[in-house]
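In short: position in the sequence shown from 1, add 1052, done, that's the numbering used here. Cβ coordinates follow ideal geometry from the N, Cα and C atoms, glycine included. Just so we're clear, the structure is a prediction, and the values are computed from it rather than from any experiment. Encoded as structure tokens, the structure appears first; notes follow it.
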Amino acid sequence: MKVILAASGTFALPSLETLAAKLPPDCLRVVSQPDRRQGRGRRYQPTPVKRRALELDLPVITPEKLEHWQQEDFLSSFAADFLVVIDYGQLIPRSLINLPGQAAINLHPSLLPRHRGPAPIAWCLLKGDAVTGVTTQLLADKIDCGDILLQREIAVEAAETNEQLTERLRGLGAELVWETLEQWQAGLIKPVPQKDDQATYAPKLQKRDGLLDWNQDATELERRIRALNPWPGTYTFWQGKRLKILAAGVDAKKQRETMAPGTILVAGKTLSVACGRGFLQITKVQPEGKRPQAIHDFLQGHQAAGGEQFSSREKTSSP
């Protein structure tokens, strides 16, 4: 079995490790995105997949545009059985989809057709899904619309963040990719067309999506804090400064109280915030220019009086 892996981000790393362990070195080639400027120094850095592929002594190329892949003897002379695409970051041209002798396969971190699009894990949490999973599908001209090959599902844990759920799904995905390749070769998979009328879309998130709107339901805000952790993160403004909200839970004890959204309640070492419906108990924050803090440490170092308000405006002072 010969495989070309087109991958860039960290979600693909367990799959790269699995393929490298299962296949002879001369049967796996890697295509990744070009090095990009990153960090404060704006130095060129390889993708996580390229970095790991080089550590594994695997051949890897990083074309700027995949439309020109025919110019790469690296691909055209390889006689690949499979093209596997995971967290690559570019549209795969039809000419490359048609390259492998057996199939071009994509790993997607949701139970398709639910949450098609670039941010399925975040939207799974935002929507409060109780179950999610991973899907292998045939690559198609329309993104995430290919026939389904195999799926694995898992329950979403109650307090799980995007980062934690991603870690579980990427390991599960690596197992599913190898199972898919083996079963396809054995003729055991019958592709199943997706039901478009059941599809939902998971659009890319922006930094502005992290601003908390205290008029929303406490349950929705708690989901948002987990879904946007670690990127882009969620925040509010207090006393004119940005305050990142890193962790919180719905405060069931105060659900029957009614206060203006954004109003702070301080009781001992706890801080709750009134929402459009219900209250959110904040457990971890990061003040502007400082390190993350548990809420009791934050309260020791800041004068937070009950009745003050968190704001959605940067320059709004507390009353």
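Would F1134 pass as a contact of P1145 if the rule is Cβ separation under 7 Å?
-> no
Are the beta-carbon atoms of P1066 and G1185 separated by less than 7 Å?
-> no
Could you give the DSSP three-state label for H1167: helix, strand or coil?
-> coil
Nearest CA to the CA of P1100: which residue from A1226, G1093, Y1140?
-> Y1140
Give the DSSP-derived three-state secondary structure of P1172 in the structure shown.
-> helix
Please report how far the alpha carbon of W1283 lies from the alpha carbon of T1252, in whole angstroms.
-> 22 Å
Can you check the stretch 1119–1194 for any alpha helix (DSSP H) of at least 4 residues that lies completely inside it and give the ranges in chain order?
-> 1125–1128, 1146–1149, 1172–1178
CB-CB under 8 Å to P1371, same chain, minus the five flanking residues each way: which ones, in chain order?
-> A caution first: P1371 carries a pLDDT of 37, below 50, which makes its placement in the model too unreliable to give a value.
Use the C-beta contact count for S1060: other C-beta atoms within 10 angstroms, 16 or more gives buried, fewer gives exposed.
-> buried
Alpha-carbon to alpha-carbon, L1317 and W1236 = 58 Å
Could you work out which residue in G1353, W1266, K1242, D1303 is closest to R1365 when comparing CA atoms only?
-> W1266
Where does L1298 sit, in a helix, a strand or coil, going by DSSP?
-> strand
Cβ neighbours of Q1355 in the same chain (closer than 7 Å, five flanking residues each side left out) | None.
Beta bridge counterpart(s) of I1113 as assigned by DSSP = V1083
Determine the closest residue to F1289 out of R1276, S1363, T1232, with distance taken between C-alpha atoms.
-> S1363
Have a look at L1159 and C1197 and give me their C-alpha separation to the nearest angstrom.
-> 12 Å
Can you tell me the Cα-Cα spacing of C1079 and L1164, whole angstroms?
-> 30 Å
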